[in-house]
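Going down the list, the protein sequences come from chains G and H. For the first sequence, position 67 matches number 67 in our numbering, and the numbering has no gaps at all. For the second sequence, position 206 matches number 306 in our numbering, and the numbering has no gaps at all. Let me begin by presenting the structure, written as structure tokens, before commenting on it.
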Amino acid sequence: METFVCAGCGRIYLEGAERCGHCGAEMEQRQASGRGVVYSFSSVHMGAQGMPTPYLLALVELEEGGRILARLADDASEPSIGDKVVFSGLSDTGPVFRIL
Amino acid sequence: MRGVSVIGVGITPFGVRAESLVALGAIACRDALEDAGLGPERIEAFFLGNFAGQAFTGQNHIAPMVAHAAGLGAVPCTRLEGACASGGLAMRQGVLAVASGQVDFALIAGVEKMTCAETDQTASILAAAGDVAVEASVGSTFPALFGLIARRHMHEHGTTREEIAHVAVKNHAHGKLNPNAHMQKDVTLPQVMDARPVAEPLGLFDCSLISDGAAAVVLCPSETASAHHEKPVEVLASAQASDSPALSDKRDITSFHATQKAGEEAFSQAGLSREDVDLAEIHDCFTMAEIIALEDLGFFAKGEGGRGAVEGMTKLGGAMPVNTSGGLKSKGHPVGATGVAQIHELTLQLRGEAGARQVPGAEVGLAHNLGGSGATCAVHILGATA
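Take a look at the structure:
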């Protein structure tokens, strides 16, 4: 998994840009394993406008450090905190992970 | 800096209201001016809390419109936006304007009109109080953010689903006694636990209400306050702090650093300890948020905030009743009005005018107003005049 990490605030992005969208500092390209664990999760039943429900949101803690908010793959059953996950790709709604 | 006191408060009933955004604000302002016994021409500065007037109703630039409708004339009008803490920020700017000597009479109002939007549209408008680039874009809503927070709190601190649900039962029991509350009815523990899920573990009754409404407050220097109201209420502290809204930026998502900082600053300004507080209005946008705020403000040790509603300390009749108004949960949460409505409730309580929900002998009250997932926090402490 290719990541772009902000040298200023440490935010992790999965899509490259010259500068961090949050603080404007320069970004550093880093290869990551794509593996992490579920830090927390929620099954969303009443969602944002135009987003079919239900869907599983997870705050994923990456193996290399740092957390990102992501979707769990559509076919995922309800996880537990600490479950191992792996990056499976980018969708229209950002990063998607699947439970290992 | 000089002392500042509340000499007038006004509020509209919260709920589904026919009046426009601007008219709601004007009604609350006129109520507050009448309570203070002041004509609108006496006001020298106006501060308005409003989160999303444009997104909900199409109207921006509403501070001068509310001021004009309330007959304030050409006074400086400033709108404050700090998500759900917009009202608390307006209150704080009013306090600073009077404390500094810049003006003698300031009017503060908060207003929101939300029920004109569909629920999923409302969810998206409110999601813009979080970090859209890394949260809303992934499909997170505010219930979802607080669902993630609640799940982690349960995991780390052993907080139970029942403890979280008890906050809703308590606040509805309080709101039933408030004639201005949006939902004046009890809910039972099974009703909360078995309600339709919104963002697990949170269900429908864990979420605050989508409401229309407005509240207003008149401030003047404490030294002249008794000339305008027989029971002025003194502002003992006005504090504010900030943090990143994004959960992924926070080391710990079971606490809000902005609440901790604003709380510490407020207690330091007031020279009071937690035991001195007789009642509190706490920002219960979700049941879980009340538990976290009670911990962050130092009323409970970390992980023990769930005991408040279960064991009764935070119920009417308990050691420190929380959200006697019904809170955002039962009174309703017209976002920009909420922080000002909290001051309205504390003022009634500290004057001894809160009717069936009066906390006997209340002398010190605290208002905690949180914006988004903890990015903005305003804490005020008010005291009754002896």
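Beta carbons are placed, not taken as given, at the ideal position from N, Cα and C, and that holds for glycine.
Chain H within 8 Å of residue i, Cβ atoms only
| i | result |
| --- | --- |
| G:R35 | no |
| G:I68 | yes |
| G:G24 | no |
| G:A32 | no |
| G:L101 | Residue 101 of chain G cannot be examined here, being either before or after the span of chain G that is shown, 1 to 100. |
| G:I99 | no |
| G:V5 | no |
| G:M46 | yes |
| G:R71 | yes |
| G:S77 | no |
| G:F87 | no |
| G:M51 | yes |
| G:G65 | no |
| G:G8 | no |
| G:G16 | no |
Integer-rounded CB distance, given that residue j should sit under 8 Å from residue i
| i | j | result |
| --- | --- | --- |
| H:E365 | H:R102 | In fact, because the Cβ distance is near 19 Å, the residues do not count as touching under 8 Å. |
| H:L172 | H:I143 | 5 Å |
| H:C477 | H:T359 | 5 Å |
| H:F356 | H:G230 | Contact doesn't hold; Cβ gap of about 13 Å is too wide. |
| H:V459 | H:Q449 | 6 Å |
| G:V44 | G:V85 | Contact flag wrong, Cβ pair sits at about 17 Å. |
| H:R457 | H:L416 | 6 Å |
| H:L494 | H:A132 | Past the edges of chain H, shown from 101 to 486, lies residue 494 of chain H, and the structure says nothing about it. |
| H:H282 | H:L309 | 5 Å |
| H:P140 | H:A170 | 6 Å |
| G:Y89 | G:R71 | First, the amino acid is wrong: residue 89 of chain G is Gly here, not Tyr. Actually they are not in contact, since the Cβ atoms of G:G89 and G:R71 sit about 10 Å apart, beyond 8 Å. |
| H:F114 | H:K431 | 6 Å |
| H:H433 | H:S311 | 6 Å |
| H:C184 | H:T438 | 6 Å |
| H:A233 | G:G21 | 6 Å |
| H:T259 | H:H253 | 5 Å |
| G:R102 | G:A73 | A query on residue 102 of chain G cannot be resolved here, the shown segment of chain G reaching from 1 to 100 and no further. |
| H:K429 | H:N271 | 4 Å |
| H:G403 | H:R374 | 17 Å between Cβ atoms; not a contact. |
Within-8 Å CB hit, residue i to chain G
| i | result |
| --- | --- |
| H:R251 | yes |
| H:H433 | no |
| H:S224 | yes |
| H:E235 | yes |
| H:Q154 | no |
| H:D220 | yes |
| H:T476 | no |
| H:L309 | no |
| H:S348 | yes |
| H:T259 | no |
| H:A244 | yes |
| H:H357 | no |
| H:V238 | yes |
| H:I391 | no |
| H:T241 | yes |
| H:E365 | no |
CB contact flag (residue i, residue j, <8 Å)
| i | j | result |
| --- | --- | --- |
| H:C320 | H:S120 | no |
| H:V440 | H:G187 | yes |
| H:V292 | H:A265 | yes |
| H:G436 | H:E212 | yes |
| G:L69 | H:L347 | yes |
| H:I391 | H:G405 | yes |
| H:A236 | G:A48 | yes |
| G:S42 | H:L248 | yes |
| G:M27 | G:G16 | yes |
| H:V377 | H:A136 | no |
| G:M1 | H:V298 | no |
| H:R407 | H:K331 | no |
| G:I81 | G:Y39 | yes |
| H:T288 | H:V269 | yes |
| H:G472 | H:P345 | yes |
| H:E445 | H:T424 | yes |
Cutoff 8 Å: residue i Cβ touching any chain A Cβ
| i | result |
| --- | --- |
| G:L62 | Within the model displayed, chain A is absent; protein chains G and H are what it includes. |
Residue i beta carbon near the ligand PLP (any heavy atom closer than 7 Å)
| i | result |
| --- | --- |
| H:D312 | As for the ligand PLP, it is missing from this structure, which has no ligand bound. |
Worksheet item: What are the uninterrupted segments assigned as alpha helix (DSSP H) that are 4 or more residues long and contained completely in the stretch 290 to 368 of chain H, given in chain order?
Response: 322 to 325
Worksheet item: Which residue spans inside the stretch 448 to 483 of chain H form an unbroken beta strand (DSSP E) run of at least 3?
Response: Qualifying beta strand (DSSP E) stretches, in chain order: 464 to 471.
Fill in: Three or more C-beta pairs below 8 Å linking the stretch 465 to 482 of chain H and the stretch 377 to 389 of chain H
yes
Worksheet item: Are the stretch 144 to 152 of chain H and the stretch 189 to 200 of chain H touching by the rule of at least three beta carbon pairs closer than 8 Å?
Response: yes
Discussion item. Tell me whether the stretch 337 to 345 of chain H and the stretch 365 to 374 of chain H touch, counting them as touching only if at least three CB pairs, one residue from each stretch, are closer than 8 Å.
Written reply: yes
Practice prompt. Starting from the N-terminal side, write out each stretch of the alpha helix (DSSP H) that is 4 residues or longer and does not extend beyond the stretch 385 to 437 of chain H.
Written response: 387 to 396, 407 to 411 and 427 to 430
Worksheet item: Which runs of the alpha helix (DSSP H) fall wholly inside the stretch 205 to 279 of chain H and span at least 4 residues, in chain order?
Response: The stretch 205 to 279 of chain H contains these whole alpha helix (DSSP H) runs: 219 to 227, 242 to 257 and 261 to 275.
Worksheet item: Contact between the stretch 235 to 245 of chain H and the stretch 164 to 181 of chain H: three or more CB pairs below 8 Å?
Response: no
Worksheet entry | Within the stretch 117 to 165 of chain H, ranges of the alpha helix (DSSP H) (whole runs, at least 4 residues) | For the stretch 117 to 165 of chain H, whole alpha helix (DSSP H) runs of length 4 or above, ordered along the chain, are 121 to 136 and 153 to 157.
Discussion item. Suppose only complete runs of 4+ residues qualify. What are the alpha helix (DSSP H) ranges in the stretch 20 to 59 of chain G, listed by chain order?
Written reply: Counting only runs of 4 or more residues that sit fully inside the stretch 20 to 59 of chain G, no alpha helix (DSSP H) segment turns up.
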